[in-house]
Amino acid sequence: MIQLLYYECIKLIKRRSFWILLCGVILIDFGLFQVERTYNDEHNLKQTYYEETMAYIDTLSTEQAFQWLTDERTFYDSINAFKLSQFLEDDEITELTQTESERYETYKDEESYWEERKIVINDLYDYIYKIMNYQNYQTQIKQNKENIVQSPLWNLMSEQEQEDVQLQAEAYAHLQDTKLNPVHYRTIERYAHALSVRLLSFLFLCALIILIWKEDEGSIHDLINSTIHGHQKNALIKIICFFCVGIVSVLMIQCIDFIWYLQAYGGCDLLAPIQSIPILYESSQSLTIGTWLIKNMILFSILICLFSTVFIFLYHIFHNKILSFLLFFGFVFLEAVFYQNISESSIWLAWKHVNILQLFDPIWYGNFLSFQHLFTWRFSAQVSLSWICIMIALFSTICYVKFYDRRISIHMKRWVSLSCTNTYLWIQEGYRILLTNKGVFIILIVVLSTVLTWFHRLQTYASLQQNEQVVYEIYSQYAGEVTEDTKRNLKIKMESYANYEQLYQNTIASYKNKKITYDELQDAKTSYDMQMRDFPIYEKLYTEVEQGIPYILYDKGYQAIFSMKVIDRDVHQSVWIMAFVLFMCGAAAYHHQEEQLYQSTKLGNHVRLCFMFSHVWMICFLMALLVYALDYAHFAHLYPMDDFDVGLRTLFDLCHIPLPDMLQTWTIQQYLFALFGIRLLGVLSTCITVTFLFQVCKSRIIGFLISAFVLFLPMFLYYHELTFVSFFSLFDLFMGNLFLQNMFSVSKLLLLLLIDVGCLWMLFQKKRFLVFK
Amino acid sequence: MAILEIKHVEKRFKDVQALCDISLSFEKGIYGLIGANGAGKSTLFQILTTSMNPTNGEILYQNEPISKNAALYRSKIGYMPQNHKAYDHLSALQFLYYMASLKGIKKQAAKQEIQQLAQSVHLLDELPRKIGTYSGGMRQRLMFIQALLGNPEILLLDEPTAGLDPYERISMRNHIFRIAKDKTVIIATHVMQDIEFIANELILLKKGKILRQESGASLLEQLQGHVHEVIVDEQALETFQKQEKIARMVKTKEGIRVRYISKEKKEGYVNADLEDVYLHFMIE
């Protein structure tokens, strides 16, 4: 048995495809990590301030750190009060001390400096406060338990409930003497919140299953079946091999990922208790951060491997592998939909808590006590889900081993017989790309991720949408050209706000003179808050009108659709679509030998190529449309938009972006069409270029690498400030806004069209002037 | 007593009857299973290697149905598949050890056996190399070694000479002949020269049915008087082709020498060979 297992593992790890897969996953993970890090570095000043502050706190004792943070808080409060009094033009401007004044003067104009730094200081203050008061927290738990025991309620509790209270108290009793020290918790929190590495590990396991099980197909399957141990024993060995290699590989991927986090965000004391991390402050586990992380990684690796055994069973049992994929990933998709969309008040909440997707959430493991906990038979989401995974694995393994010799063939009715040659060649090309070459999975991945992201965004922004509706209603009263009436109405509104303000100030003065009671003051404040609720919106409107804008426009939706202030969404979409085009063209590309055979037939040259290109380009086009349409739908849902025929100048002025000469007379609608037109032109040009590159390269891998190089290298260089590369690249077309606003060039468009035509001509001529082996 | 017996075996895939009431019995010796592509040879082999169950009928090993003790039966068979193209990343030695462990052979015993067998097919020095670097002939020899691991009583060889050059073909034939003395060897092929001189019995399989199970000599005897050779000119060739079943044509100075198989026995015949037998029985 051991010998057989050894050779099964050797068979796997000696395969080049295994290492390519493993390295590929690690590289993709690194890429995603870098993207996230770049984003954080650019858009999250908090991280820098946090690191600076933590570095300073490290030099102090906990008490000194707490004192320093308290002083800092006071300082930021004074600054706030000072700024507020200046803004409201109070009679009594809050005074700053000399030191405070000097500090304030240094960063006076950097608004984000004060905002972000204040948040960091408050966070760290709360953190250190909690750390210092951990003993009190423990005492409180103990006290609570004693209170419950002594209360009359105790006798009304069931034995089970009483035992639960005792157990919980006992669990915390281990932590009675735990002393917490501040640690660099953000590294761990960031790592804990990163989902990509876990999703990639899961996909890696699915690919690993295919690698292990695909090898022994065809004639080799008969050969193995003819041996004495070639049936059940071999089946079991394969599963054990999958577990061994799978667990080790997933652990390795996670460890490498964690090392990147340590490198990028700074080290953390791994020997400190886990309660030092704010998200685990309430945990009753007596563990160090290091052990918690290791336990997390091991638990994740084991549970995800256990769950993946379903795929082994499905992959083996069906002759038609597509059915296995559809069933397995269909189930995962369904779980994802439930996980994303079930609210905390739903009667289906249990489905969310005992959901396979929970395995991907590291915080979820925080309340996972230990393996003994599994056998206490007490209900908790962690225990239930672990048991579900174990049961799934047992059931799948037993079924797989038991029915090893029986496989199910479900003959799905095909659209056409593959023997058809002429009439259905187009459909057959589609069949080949989508089913034979598995293009359907690339489409499924894009559709699923796009739709899931869309649902997720809908859910996340649900509350924001209500607020935006309020803002929109105010805007819609004044929307349109700014007339004297509009100005007057707004002025009246602002005067009424000034009256409210004056009234409130009088009330405060009356309270100070003890003419009214504190309760009356509170009532007045509540009423004042209600009256002033929409003040910031009116104030913004009024300021804009005062500045002389000719048109009042609720501009948030347009800004969002055009990515006018943040281009990251455009970057993500572009990378996503370019990767899709790359994979789709790869799926359509022929092997050189295959192509030689087809070229020797009547329709094998031009007609077949036309059909193939039309399929790939049509699919890429539709996918790009789907991505852009869902993006548009999301913002249209969030921010109502009615003024598409307004001049583009109004929008650009509102965003304080200079309007290029070419766009001076355009309306928002024209700009929108031009934007999507440019983007779709980018998709088409990329399709032609990548198809051409795949055609001129004999090897599919070489074609893939060269195409990836051509598509992504200019993007990389551009973001490293080599802006000139945009003149001979495609990515700025995908990011239509960038092209229209900054880089529009008729000569580039003409050159691009010329290149496209040239590529098409050469594609149909079948000239292989660049033949890479 | 027959070592292996096939009793009324049938196999149906949806609308296709792959095997139709096959009954055969095998003793020690070499058997050639002859049939055109799609005749059912590979299906029969899949059933014999227990990769597939028959729709009807049963296989008996020493008078016991193999379904009763499949493990015992599997320990007695060695199988050499056709067109093996897997495990290119493994060395031949690792592959053989893997197969040995699948056959339940202990490592020490496997080591000795592999060395002996590799020596006999002149592959010993090449064992550490990766299978991916092997030529077609070396792959076939490697697969032959793995089939012999564990000294099986029954050897099932599926087109063992496919893709080999004439020298390797002869060499493989000699290896099979050498090891077949105390074994039951079933060779599935449609190349008659492979088994012409070594097979004790030939089984002709056509569209899933057994046409004949006889010795080569007996089949040749049945064709005595049916095979003729004549010289025809090019103009007459087309008419001649329509009338007779042509076996071979050779261009000579006098015209084209045509070897044909007549339906009736005639005078002036030449000696038949197994290719003539194949044509006579398998081609309509």
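Protein chains in written order, with our numbering: chain S, 7 to 779; chain P, -6 to 277. Even glycine gets a Cβ: it sits at the ideal position worked out from N, Cα and C.
From the beta-carbon of S/G236, the residues of chain P found nearer than 8 Å are R67 and L95. The beta carbon of S/Y178 sits no closer than 8 Å to any beta carbon of chain P. The Cβ of P/T43 sits closer than 8 Å to at least one Cβ of chain S.
In this structure, DSSP gives P/G28 an extended state, which the three-state scheme calls strand.
Not a single CB atom of chain S sits nearer than 8 Å to the CB of P/L198. At a cut-off of 8 Å between C-beta atoms, S/L217 does not count as an interface residue with respect to chain P. Interface annotation for the region 9 to 23 of chain S against chain P: Q9, L10, Y13, I16, K17, K20, R21 and R22, criterion Cβ-Cβ distance under 7 Å.
Listed in chain order, the positions of the region 460 to 491 of chain S with a beta carbon within less than 7 Å of a beta carbon of chain P would be empty, since no residue qualifies. Excluding five sequence positions before and after S/I663, the CB atoms of its chain that fall closer than 8 Å to its own CB belong to M570 and Q747, given in chain order. Going by C-alpha positions, S/L33 is about 20 Å away from S/A198.
In this structure the region 40 to 57 of chain P touches the region 218 to 234 of chain S; the number of beta carbon pairs closer than 8 Å is three or more.
Collapsing the DSSP output to three states places S/A342 in a helix. The C-beta of P/P121 has fewer than 16 other C-beta atoms within 10 Å across all chains shown, which makes the residue exposed. A straight-line Cα-Cα distance of about 15 Å links P/G31 and P/I15. Counting the other Cβ atoms within 10 Å of the Cβ of S/G683 gives fewer than 16, which makes it exposed.
With a threshold of 16 other beta carbon atoms within 10 Å, P/T126 falls short and is exposed.
At a C-beta separation below 8 Å, S/D228 has these neighbours in chain P: F38, Q39, T42, S44, Y72 and P74. Between the region 666 to 681 of chain S and the region 583 to 598 of chain S, the count of Cβ pairs shorter than 8 Å is below three; the stretches do not touch. Rounded to whole angstroms, the gap between the alpha carbons of S/L547 and S/Q508 is 21 Å. Below the 7 Å Cβ cutoff, chain S contributes Y13 as neighbours of P/Y90, in chain order.
For the alpha helix (DSSP H) assignment, the uninterrupted runs of no fewer than 4 residues enclosed by the region 670 to 713 of chain S are, from N- to C-terminal side, 674 to 702.
Neighbours of P/L83 across chain S, judged by C-beta separation under 8 Å: I16, K17 and K20. Counting only the Cα atoms, P/K259 lies some 13 Å from P/V223. For S/I522, no beta strand (DSSP E) encloses it, and the DSSP letter there is neither H nor E. In the same chain as P/L272, and ignoring 5 residues on each side of it, the C-beta atoms closer than 7 Å to its own belong to K238, A240 and I254, in chain order.
Each residue's CA atom was taken as its position, placing S/L657 and S/D637 some 20 Å apart. 8 Å or more divides the Cβ of P/K4 from the Cβ of P/P74. Contact between the region 535 to 545 of chain S and the region 696 to 706 of chain S is absent, with fewer than three C-beta pairs closer than 8 Å.
Put simply, the CB of S/N231 is near chain P, with a gap under 8 Å to one of its CB atoms.
For the pair S/G236 and S/G436, the Cα-to-Cα distance works out to about 38 Å. Here P/Y160 is exposed. Its C-beta has fewer than 16 other C-beta atoms within 10 Å. For S/G486, DSSP records a beta bridge to S/I558. Burial state of S/G273 is exposed, judged by a 10 Å Cβ sphere holding fewer than 16 other Cβ atoms. For secondary structure counted as the alpha helix (DSSP H) over 4 or more consecutive residues, the region 185 to 223 of chain P holds these complete runs in sequence order: 209 to 215. In the pairwise beta carbon analysis, the region 149 to 159 of chain P is classified as not touching the region 87 to 106 of chain P: fewer than three pairs are separated by under 8 Å.
Residues of chain P with a Cβ closer than 7 Å to the Cβ of S/N240 are, in chain order, L95.
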